[in-house]
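Visitor: This is the structure I want to talk about, given as structure tokens.
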Amino acid sequence: MSWLTPHIATQIVDFSSAMLLLTCFAIVAQRRLSACVDLFALQSLFLAMTAALVAFLTGTRHIYIAAGLTVVVKVIVIPRVLKGVIERLNVTRELVMKINVPASLLICGALVMIAFFITQPIIPFGHLLTRDSLAIALAIVLIGFFTMIARQKAVTQLIAFLVMENGLFLGATAATYGMPLIVELGVFFDVLVAALIAGIYTNRLQDAFDSVDTTHLTELKE
Amino acid sequence: MIAVGLLLLAPLTAGGLSLLIKSSRWLHVTNLISIGTFVGAEVVLARAVFSQGSVTAFADIVYIDALSSVILFIIGTVGLACSLYMRSYMDEQVARGVIASQRLSLFFFLFHMFLFAMVLATVANSLGVQWVAIEATTLATTFLIAFWRRRESLEAGWKYLILCSVGISLALFGVVLMYYSSLRVLGDVSSALNITQLQQVAAQLDPHILKLAFVFLFVGYGTKVGLVPMHSWLPDAYSEAPAPVAAMLAGVLETVAVYAILRCRGIADQALSPDFTGGLLALFGLISFALAAFFILLQHNYKRLFAYSSIEHMGLAMVGFGVGGPLGTFGGLFHLINHAFAKSLAFFAAGNIHRRFKTVEIDQVRGLIAVLPWSALALLISGLALMALPPFALFTSEMQIITALGSSGLPGEWTQPGTRIPVVILLFCSVVAFAGFLYRITSMVWGPAPKDIVHGEQWSTGHLPIILLGAVLLGFCVALPATLRQLFEMASTLLLSR
């Protein structure tokens with residue numbers, strides 16, 4: 001493939017990582033819970049695409065497995081579970097927010113800058129192909145972290161956690177062309193189980209508190 | 223090799239069997255057989271470590287040295303004590319109708335998975351596998367914490383799940399960065415996260431990346447340890463979890479998380495100046511210690527009191543490891559062990575008190591010595607040990623840590639060299655914690671007992687672990703057995719060699 005110069009390859013990978021970051025912002029701006037789940041599925045699809053691209057461009061076979069698992073677990077299984085959870089709930093929207101959408105978006109923008117700033121000293125050592133992806137990965141992790149704090153519904157917090165996990169996975173794929181296979185499989189297993197457990201929890205919270213608003217969880221304090 | 227296999231298979235098989243077995247008696251039998259096998263395998267491995275220094279097995283997936291042996295020793299002892307305690311505790315809960323008898327299978331399944339994950343985290347050679355195992359401990363314990371399914375326990379469980387999963391995700395970023403730096407030196411994809419490989423090339427790793435990696439790993443695993451300010455899940459979880467689970471969380475899980483930090487530090491230190499990692503450990507340790515000491519003063523719930531005391535002691539151990547030197551390191555390690563035993567004993571006593579008085583309020587528990595003489599004794603022994611009163615071994619280790627801090631101060635980079643302020647803070651806060659603890663414990667043990675409470679304590683299997691741990695704690699006052707001392711010294715030498 002003569003047209004596929006290293007420069008173009010880098011551009012393609014950068015583009016699809018940037019799409020991941022973009023969906024992150026969309027999740028922050030979205031109030032409807034089911035739309036958040038769809039956006040998460042979309043983000044995971046971009047993640048699988050990025051992973052497959054890296055696998056194709058570098059010839060690292062085992063990333064294909066990870067990409068396939070991403071599609072199965074994060075694009076199909078987890079969104080379905082979450083949709084099932086949301087259907088059982090009496091809320092479909094995030095009504096009260098601790099931090100409103102415009103302010104959240106501004107903060108997320110700042111987080112992206114911080115991520116690039118932190119990773120600056122180590123980026124020059126990276127592989128040429130995926131240089132900026134590490135910074136983008138950290139940015140996604142930080143945004144997920146922030147969303148977790150800023151949103152109150154148990155479902156949104158769970159999505160934020162999964163977004164963080166996506167960021168981490170992008171980081172692993174970008175910086176090191178994937179982790180050892182045994183570790184990657186373990187991580188997938190953990191994420192899947194965590195999502196299932198959190199889903200069960202949300203149902204129990206709904207039964208016990210009549211709400212999945214985590215601000216109601218205030219019975220334990222000093 | 224067989225011993226390593228048994229070590230991992232015992233909890234795994236017992237967990238699988240627990241799901242199939244319906245009768246509570248056989249569940250306990252399976253549990254005891256599995257933990258017995260586990261302790262046996264552990265003794266064999268400790269002997270192997272003594273003669274060879276370290277054991278690797280299953281194509282380098284498992285790596286056990288003196289440090290992991292010490293942690294396995296803690297898991298084994300506390301695990302055994304918990305298993306014995308559960309015999310009477312869980313059966314009583316079923317008899318009283320708190321839980322349906324079918325749910326006992328689930329409890330044992332989760333308990334074994336918890337044990338398995340902790341063992342895997344301790345013996346894993348790869349930092350990646352270690353991460354997977356530590357996240358698995360979160361997943362296994364979250365339902366154990368919320369096992370009573372009351373509103374409060376659901377709240378505690380959710381908080382635990384979310385905070386620890388987020389914390390652990392940050393640690394995964396640290397692992398990725400560690401892999402990133404090692405890959406460029408080692409170039410071998412499958413083994414570049416193995417501790418055995420990393421230790422050899424650690425000095426050539428890139429310091430910038432390692433610094434970032436260690437900060438992420440420290441914050442991530444620090445959440446599991448319960449260091450301030452990532453501690454807010456801890457008092458809730460400990461006070462809502464069933465007593466044997468709380469004993470495991472406080473005694474073992476924290477220790478395993480500290481172990482994970484120490485492993486990563488051993489690698490980071492070879493490329494960075496030890497002052498960076500040590501300073502981070504000591505600073506967070508000192509903050510945790512100081513804050514927890516004041517929270518101890520405020521508590522009116524005895525389970526939360528023990529929870530804050532856990533934060534305090536973990537903080538102190540962190541100061542010990544952070545300051546380093548032979549004294550600090552040995553002190554820190556010895557502190558971890560003593561704390562594990564004392565704290566599980568305290569939670570056993572708390573479980574007994576809760577069952578009789580039906581309250582967790584300190585004010586409503588009076589005259590324990592007349593109502594529950596054995597549990598009162600257990601509470602006194604563990605309480606006095608946790609206050610670090612001489613002659614208990616926690617006093618020895620606390621003195622070692624304070625002496626180490628006094629002689630070398632907080633490691634550079636963070637404070638002015640030679641300043642005496644940290645020692646003053648440490649001493650002052652330990653006095654505060656001492657006073658708070660003594661006041662609460664004595665008020666529970668003595669005084670007139672409420673009239674409507676049944677007096678007297680019937681003998682049960684649940685008293686065996688109380689006597690076992692009490693005897694160990696009292697025994698450590700007098701002398702440390704030579705083999706154990708040798709093991710601890712080997713482990714602290716490992717931590718020091720860089």
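Residue numbers (the working numbering), protein chains in the order written: chain L, 1 to 222; chain H, 223 to 720. A virtual CB, placed ideally from N, CA and C, is assigned to each residue, including glycine. The structure presented is a predicted model; accordingly, all values stated were derived computationally and were not measured.
#1: Check the Cβ of residue 171 (chain L) against every Cβ in chain H and list those closer than 7 Å, keeping chain order.
#2: Using 8 Å as the threshold, is the C-beta distance between residue 544 (chain H) and residue 633 (chain H) below it?
#3: Can you list, in chain order, the residues of its chain with a C-beta nearer than 7 Å to that of residue 39 (chain L)? Leave out the 5 residues immediately preceding and following it.
#4: Drop a sphere of 10 angstroms on the beta-carbon of residue 343 (chain H), count the other beta-carbons inside from all chains shown, and report buried for 16 or more, exposed for fewer.
#5: Can you look up residue 347 (chain H) in the DSSP assignment and give me helix, strand or coil?
#6: By how many angstroms is the C-alpha of residue 111 (chain L) removed from the C-alpha of residue 579 (chain H)?
#7: Among residues of its own chain, excluding the 5 on either side of residue 360 (chain H), which ones have a beta-carbon nearer than 8 Å to its beta-carbon?
#8: Please confirm whether residue 366 (chain H) and residue 204 (chain L) have their CB atoms less than 8 Å apart.
#9: Measure from the alpha carbon of residue 471 (chain H) to the alpha carbon of each residue in H:647, H:255, H:336, H:276, then state which is nearest.
#10: Three-state secondary structure (DSSP) at residue 278 (chain H)?
#11: Three or more beta-carbon pairs under 8 Å between the segment 348-363 of chain H and the segment 426-437 of chain H, yes or no?
#12: Does any residue of chain H have a CB that is nearer than 8 Å to the CB of residue 141 (chain L)?
#13: Counting pairs of Cβ atoms below 8 Å between the segment 299-313 of chain H and the segment 248-263 of chain H, do you hit three or more?
#14: Unbroken beta strand (DSSP E) runs of length 3 or more, entirely within the segment 241-307 of chain H: which are they?
#15: Assign residue 219 (chain L) to one of three DSSP states: helix, strand, or coil.
#16: Check the Cβ of residue 458 (chain H) against every Cβ in chain L and list those closer than 7 Å, keeping chain order.
#17: Leaving out five residues on either side along the sequence, give the residues of the same chain with a beta carbon under 6 Å from the beta carbon of residue 450 (chain H).
#18: Of the choices L:20, L:60, L:42, L:47, whose alpha-carbon is the least far from that of residue 176 (chain L)?
#19: Spell out a yes or no on whether the segment 587-594 of chain H and the segment 663-680 of chain H are touching, meaning 3 or more CB-CB pairs, one atom from each, closer than 8 Å.
#20: Would you call residue 438 (chain H) buried or exposed, if buried means 16 or more other Cβ atoms sit within 10 Å of its Cβ?
#21: Quick one: is residue 135 (chain L) near chain H, going by C-beta distance under 8 Å?
#22: Output yes if chain L places a C-beta closer than 8 Å to the C-beta of residue 499 (chain H); else output no.
#23: Go through its chain and collect everything with a Cβ distance to residue 19 (chain L)'s Cβ below 6 Å, but skip five positions before and after it.
#24: Compare the Cα-Cα distances from residue 341 (chain H) to each of H:566, H:273, H:477 and report the closest residue.
#25: Can you tell me the Cβ-Cβ gap for residue 567 (chain H) and residue 695 (chain H), rounded? I've got them flagged as a contact below 8 Å.
#26: Can you pull the chain L neighbours of residue 379 (chain H), defined as C-beta to C-beta under 8 Å?
#27: Between which two residues does the alpha helix (DSSP H) holding residue 191 (chain L) run?
#28: Shorter than 8 Å from the beta carbon of residue 533 (chain H) to some beta carbon of chain L?
#29: Are the beta-carbon atoms of residue 533 (chain H) and residue 456 (chain H) separated by less than 8 Å?
#30: From the DSSP output, in three-state form, read off residue 227 (chain L) for me.
#31: Assuming contact is defined by CB atoms lying nearer than 8 Å, are residue 265 (chain H) and residue 271 (chain H) in contact in what I supplied?
#32: Residue 372 (chain H) by DSSP, collapsed to three states: which one?
#33: Closer than 9 Å between beta carbons: that is the criterion. Which residues of the segment 360-379 of chain H meet it against chain A?
#34: Can you give me the start and stop residues for the alpha helix (DSSP H) that residue 16 (chain L) sits inside?
#35: Can you grab the Cα-Cα spacing for the pair residue 448 (chain H) / residue 11 (chain L), in whole Å?
#36: For residue 279 (chain H), tell me which candidate among H:313, H:252, H:345, H:232 has the shortest Cα-Cα distance.
Guide: So, from the listed chains and residues:
#1: 395, 398
#2: yes
#3: 23, 26, 27, 30
#4: buried
#5: coil
#6: 51 Å
#7: 382, 383, 386, 387, 390, 446
#8: no
#9: H:336
#10: strand
#11: no
#12: yes
#13: yes
#14: 276-279, 284-287
#15: coil
#16: 220
#17: 509, 510, 513
#18: L:60
#19: yes
#20: buried
#21: no
#22: no
#23: 46
#24: H:477
#25: 7 Å
#26: 201
#27: 181-209
#28: no
#29: yes
#30: Nothing about residue 227 (chain L) can be reported from this structure: the residues present for chain L run from 1 to 222 only.
#31: no
#32: coil
#33: The displayed structure is made up of protein chains L and H, and chain A is not among them.
#34: 6-29
#35: 43 Å
#36: H:345
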